[in-house]
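Participant: A single structure is presented below for examination.
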Amino acid sequence: MKFKLPDTLLLLIAILFVFSILTWIVPSGEFDREVINGKELVVADSYKEVASNPSNIFDFILAPIKGFLSSAQIIVFIFLVAGSFGVINETGAIEAGLQSVVIASQKNKAYKKLVIPLLMILFSIAGATFGMSEEVLVFILITLPLSFALGYDSVVGVSIPFVGAGAGFAGAFLNPFTVGIAQGIAELAPFSGWEYRLVVWVILTTAAILFVVVYANKIEKSPEKSPMFDIDKTSKYKNQAQENITFASRHRAVIIIFLLGLVALVYGVNAWDWYINEISALFVCMAVISALVFRMNSGVAIDSFVKGASEMIKVTFVIAIAKGILIIASDGKIIDTILNAMASSVDGFPNAVSVQLMFGVQTFLNFFLPSGSGQAALTMPIMAPLSDLIEVSRQTAVLAFQLGDGLSNLIIPTSGVTMGVLTIANIPYEKWFKWMLPLFILLSILAMLLLIPPVLFFSWN
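Going by my numbering, the final residue of the sequence shown carries number 472, and the count climbs one at a time with no gaps.
Structural data, given as C-alpha cells:
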C-alpha cells in the first residue's frame with residue numbers, strides 16, 4: 012500500500028498544529044530591531060530570551076483567519092486576475108492561440124523542442140530581474156493548457172513558469188527584493204558582484220531546463236509514466252486544450268491586447284515599481300478591453316469573471332492557512348530562537364564548510380519565513396557580520412542567502428505561492444514533492460559547489 016498525504020488543506024492544518032505544539036517546546040526569544048531606511052532590521056548579537064507565549068486552542072483556530080487578513084492583498088489579486096482570465100478564456104482566444112502553436116510544432120518538430128527552453132528562460136529572467144513570484148499564479152493558467160496541447164502533463168505545465176522563475180529567483184543578479192535588500196543590509200554597493208551571479212544564474216537555469224525537458228520527452232513517449240497520469244485525464248485544462256476553435260481575427264485582437272498587457276506588466280514592475288494592486292488593475296483593464304473588442308455580451312462577461320474568480324476559492328484557503336502557520340510561529344516568538352541557534356552553528360568551521368552551513372541555515376529558515384525580502388531583513392543583519400568573523404566575504408553571504416531562500420521556495424509547503432500553483436493545477440503535494448526532490452537536490456548541490464569558488468579561488472568583495 013502506497014503512502015498518500017492528505018489533501019493540501021488538511022496537510023497545512025496538520026503543519027499548523029505542529030507549529031502550535033512547537034511554541035510550547037522551543038524557548039521564546041527575540042532580537043532587538045531597528046528601522047534603517049524604512050526597513051526593520053535585526054540587531055546582531057542582541058538575542059535574548061523572553062517570556063514564553065505558547066499557542067492555545069483559540070490561537071490555533073484564529074490562525075487561518077489572521078492568515079486571511081494578512082494575505083488579503085494577494086487573495087484579492089488572485090480573485091481579480093482569475094476573474095479577468097475567465098473573461099479572456101471565454102473569448103476562446105487563448106485556446107485558438109494554443110492550437111496554432113500545436114499546429115506549428117506538428118509541421119516543424121524543432122519548434123516544439125524550443126517551446127520549453129525559451130519559455131523557461133523568459134520566466135527565469137523575470138525571476139532574476141524583478142523577482143517574479145506571485146505573478147507565476149497568472150501564467151499557470153496559460154502554461155497548463157499549453158503543456159497538454161503539446162502532449163505533456165500538468166507537472167510540465169507548472170514547471171515552465173514556476174521552476175523557471177524559481178531558478179532565476181535563486182540565481183538572481185538584479186532582483187531588488189532579494190539581492191538589492193540583502194546587499195543594502197550588508198553595506199555592499201547595489202547589485203555589485205553581478206558578474207559571478209550571472210554565472211550562477213546561467214548554471215541553475217540550464218540545469219532546471221534540462222531536467223524539465225528530459226522529463227517532458229519521457230512523458231511524451233510514455234504518458235503513463237507521469238505521476239499525474241490518472242488525475243490529468245479529468246483536468247479542465249486538458250479538455251480546454253483539445254477544443255477545436257478557429258483562430259479568427261477577433262481572437263488575434265484579444266491575443267494582441269493580452270501581449271501588450273504583459274509588456275505593460277514587465278515595464279510597470281521595473282520602471283514604476285508596480286506590485287499587486289497595479290498588476291490586478293492591469294488585468295481587469297485587459298479583461299474589459301478584450302470583452303469590448305470581442306463584442307461579448309455584458310452578462311456573459313460578468314458571469315465569466317465570477318466563474319473564473321470562484322475557481323480560485325480553494326487556492327485562497329491554502330494561502331491563508333500557510334500564512335497562519337507563520338503567524339503562529341511569530342506570535343509564539345520561536346522564529347528568532349531558531350535563527351539564533353542556526354546562526355551560532357555556523358561559527359567554528361573551515362571557511363568552505365561554514366559557507367555551506369550558511370546555505371543550509373538559509374534553506375531551513377525559509378520553511379519558517381518564505382519571503383525573500385522578509386528573510387533578508389531577518390537574517391542578513393546577523394549573517395553579514397558573522398561572515399566577517401569566519402572570513403567569508405559579504406558577497407558570498409548574500410549569495411548563500413539568495414540560494415537558500417530561492418531554491419527551497421520550489422518545494423516547501425509553507426509557501427503560499429508553491430501551494431497555490433499546485434492547487435490550481437490539482438497536483439497533490441506529495442506527488443510534486445516526489446517529482447521535485449531530485450531537481451531540488453541537483454540544484455542544491457550545484458548551489459553548494461558555486462559557493463566554493465568565491466571562498467577558495469578568488470576574492471569577491
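Yeah, the Cβ is synthetic: ideal placement off N, Cα and C, and Gly gets one too.
1. Taking the alpha helix (DSSP H) that Phe159 falls in, what are its first and last residues?
2. Return the chain-ordered list of same chain residues with a C-beta closer than 7 Å to the C-beta of Met10, the five sequence neighbours on each side being excluded.
3. For Met12, which residues of its own chain have a beta-carbon under 8 Å away from its beta-carbon, when the five flanking residues on both sides are left out?
4. Return the bridge partner residues of Arg261 from the DSSP annotation.
5. Please classify Leu474 as buried or exposed, where buried requires at least 16 neighbouring CB atoms within 10 angstroms.
6. Within a Cβ cutoff of 6 Å, which residues of the same chain sit near Ser63, ignoring the five residues on either side of it in sequence?
7. Taking only runs that begin and end inside the segment 174-213, name each unbroken beta strand (DSSP E) of 3 or more residues, in chain order.
8. On the CB-based measure, 16 or more other CB atoms within 10 Å of its CB, does Arg405 come out buried or exposed?
9. If contacts are defined as beta-carbon pairs under 8 Å, then Val428 and Glu145 qualify, I think. What distance do you get, rounded to the angstrom?
10. Write down the C-beta distance between Leu293 and Leu270 rounded to the nearest angstrom, noting that I regard them as a contact closer than 8 Å.
11. What is the residue span of the alpha helix (DSSP H) that Pro465 lies within?
12. How big is the Cα-Cα spacing for Phe240 and Met394?
13. Where in the segment 68-140 do unbroken runs of the beta strand (DSSP E), each at least 3 residues long, occur, reported from the N-terminal end onward?
14. 8 Å is my cut-off, CB to CB: does Gly335 come that close to chain C?
15. Would you mind working out which of Met369, Phe378, Phe379 sits nearest Met391, comparing C-alpha positions?
16. Under a Cβ-count criterion, where at least 16 other Cβ atoms within 10 Å of its own Cβ denotes burial, should Gly97 be classed as buried or exposed?
17. Does the contact criterion of 3 or more C-beta pairs under 8 Å hold for the segment 170-181 versus the segment 405-421?
18. Cβ atoms of Ile332 and Thr34: under 8 Å apart, would you say?
19. Which residues bound the alpha helix (DSSP H) around Val477?
20. Could you check how far apart the C-beta atoms of Thr446 and Val166 are, in whole angstroms? I think they sit under 8 Å.
21. List the endpoints of the continuous alpha helix (DSSP H) containing Lys244.
22. If the criterion is Cβ atoms closer than 8 Å, does the pair Ile339 and Ser31 meet it?
23. What is the DSSP secondary structure of Gly142, reduced to helix, strand or coil?
24. Near Ser315, what residues of its chain come up, given a Cβ to Cβ distance below 6 Å and the 5 sequence neighbours on each side ignored?
25. Using a Cβ-Cβ cutoff of less than 8 Å, which residues in the same chain neighbour Leu133 once the five nearest sequence positions on both sides are dropped?
Facilitator: In brief:
1. Counting from 1 along the sequence shown, the entry for residue 159 is found at position 148. Where Phe159 is concerned, the enclosing alpha helix (DSSP H) stretches over 147-160.
2. Examination of residue 10 is not possible in this model, given that the chain is present from 12 through 472 alone.
3. Position 1 of the sequence shown, counted from the first residue, corresponds to residue 12. Confidence at Met12 is low in this model, with a pLDDT of 42, below 50, so the placement of that residue is unreliable and no value is reported for it.
4. For the purposes of this step, residue 261 is taken as residue 250 along the sequence shown, with counting starting at 1. BP columns for Arg261 are empty, so no partner.
5. The shown model of the chain, from 12 to 472, leaves out residue 474, and the question about it has no answer.
6. Counted from its first residue, the sequence shown places residue 63 at position 52. Counting only Cβ-Cβ distances below 6 Å, and skipping sequence neighbours, we find Ser39.
7. none
8. For the purposes of this step, residue 405 is taken as residue 394 along the sequence shown, with counting starting at 1. So Arg405 counts as buried.
9. By 1-based counting over the sequence shown, the position of residue 428 is 417. By 1-based counting over the sequence shown, the position of residue 145 is 134. Between Glu145 and Val428 the Cβ distance is about 6 Å, and since that is below 8 Å, they are a contact.
10. Along the sequence shown, one-based indexing puts residue 293 at 282. Along the sequence shown, one-based indexing puts residue 270 at 259. 13 Å between Cβ atoms; not a contact.
11. If you number the sequence shown from 1, residue 465 lands on position 454. Taken as a continuous stretch (DSSP letters only), the alpha helix (DSSP H) holding Pro465 covers 464-467.
12. For this step, residue 240 is matched to residue 229 along the sequence shown. For this step, residue 394 is matched to residue 383 along the sequence shown. Taking the straight line joining both Cα atoms gives about 44 Å.
13. none
14. The structure shown contains no chain C; it is built from a single protein chain.
15. On the sequence shown, residue 391 is found 380 positions in, with the first residue counted as 1. With distances taken between Cα atoms, Met391 lies closest to Met369.
16. Walking along the sequence shown from the start, residue 97 turns up at place 86. So Gly97 ends up on the buried side.
17. yes
18. Looking up residue 34 in the sequence shown gives position 23. Looking up residue 332 in the sequence shown gives position 321. Not closer than 8 Å, so no.
19. In the structure displayed, the chain extends from 12 to 472; residue 477 sits before or after that span and is not available.
20. Within the sequence shown, residue 446 is the residue found at index 435, counting from 1. Within the sequence shown, residue 166 is the residue found at index 155, counting from 1. In the sequence as presented, Thr is not what sits at residue 446; that position holds Trp. Sure, about 6 Å apart at Cβ, within 8 Å.
21. Residue 244 sits at position 233 when you count from the first residue of the sequence shown. Unbroken run through Lys244: none, as it is neither H nor E.
22. Locating residue 339 in the sequence shown gives position 328, where the first residue counts as 1. Locating residue 31 in the sequence shown gives position 20, where the first residue counts as 1. Yes; because the gap between Cβ atoms is below 8 Å, this pair is in contact.
23. Taking the first residue of the sequence shown as 1, we reach residue 142 at position 131. DSSP places Gly142 in coil when its eight states are reduced to three.
24. Taking the first residue of the sequence shown as position 1, residue 315 is located at position 304. Here the set comprises Gly97, Val98, Glu101.
25. Counting from 1 along the sequence shown, the entry for residue 133 is found at position 122. Contacts found: Gly175.
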